[in-house]
Structures are given as C-alpha cells and as structure tokens.
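Everything below concerns the one structure shown next.
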Amino acid sequence: MAESVYKVIELVGTSTESWEKAAAAAVERAGASVRNLRVAEVKELDMTLEENGVSAYRAKVHVSFKYEGE
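With the working numbering, letter number 37 in the sequence shown gets 59, and the count goes up by one each step, no holes.
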C-alpha cells in the first residue's frame, strides 16, 4: 500500500435542535467544498444560552481528508 497524507481541519457546526445535527451540519458543509473526506471526530460540545435557555448547540469537529498537494 502506498503512503498517504491526510489534512485535518477544525470546524464548528451549530443547530437549534441537537449536538448531533450540529456535527452533521459541519460535515455536510465541508463535504460541499472538500473532496475525499475520511474521518470526523467530535472534539467538544457546548451550547449558547439566551434568556436562561439553550439557543443553539455547537459541535467542534475535526475532519480529515486525503491531501492532494503540489
């Protein structure tokens, strides 16, 4: 098997419904402009609050893709 190199980027997805949808939003958006996505790893979950309630769920995601540089 030939050697491969992968690049990792960090994304933050948001959703008003759940952390799962926030993570999925980040991956789906990245997939629209980055080819060969390989792995997504949820690194951190948090929420934004307004008026003593949750206004948004946020998922910090590391996404890797096969590097096809110069």
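In this text, a Cβ means the ideal position worked out from N, Cα and C, and glycines have one as well. Quick caveat: nothing in here was measured; it's all calculated off a predicted structure.
Straight across, the Cα-Cα distance linking TYR89 with VAL56 is about 10 Å. The beta-bridge partner set that DSSP reports for ALA81 consists of GLY35 and LEU67.
Boundaries of the alpha helix (DSSP H) around ARG51: 41 to 53.
VAL30 is bridged by DSSP to SER86.
For SER40 and PHE87, the gap between their C-alpha atoms comes out near 25 Å.
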